[in-house]
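Participant: Below you'll find the structure I mean.
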Amino acid sequence: MNGRYLLHEKLGQGGMGIVHRATDRLTGETVALKQVMLPMTQLLFSSRPASQSNRELRLALA
């Protein structure tokens with residue numbers, strides 16, 4: 005998150021990661037920030053193409 009976001013309380017947690025309320029330090033906006041937590045084996049042997057995961061990440065960051 006490179007210091008851009010100031011994390012606040014945890015909003016939720018699931019099988020894919022944790023969602024926090026956060027403040028964007030550049031814009032001052034309050035955002036929901038999902039920290040994706042995947043086991044290394046799932047990353048290496050996922051049936052989803054890497055391009056799909058990258059596309060989802062770009063959409064989440066937009």
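For the sequence shown, the working numbering begins at 5 and goes up steadily by one. Glycine included, C-beta positions come from ideal geometry on N, C-alpha and C.
1) If contacts are defined as beta-carbon pairs under 8 Å, then GLU13 and ARG29 qualify, I think. What distance do you get, rounded to the angstrom?
2) Assuming LEU37 contacts LEU11 (C-beta within less than 8 Å), just tell me the rounded distance between them.
3) If you reduce the DSSP assignment to three classes, tell me which class ARG8 lands in.
4) Quick one: Cα of ARG59 to Cα of LEU65, how far?
5) What does DSSP give as the partner residue(s) for GLY16 in the beta ladder?
Facilitator: Quick look at the numbers:
1) That pair is no contact at about 17 Å.
2) 7 Å
3) coil
4) 10 Å
5) VAL23
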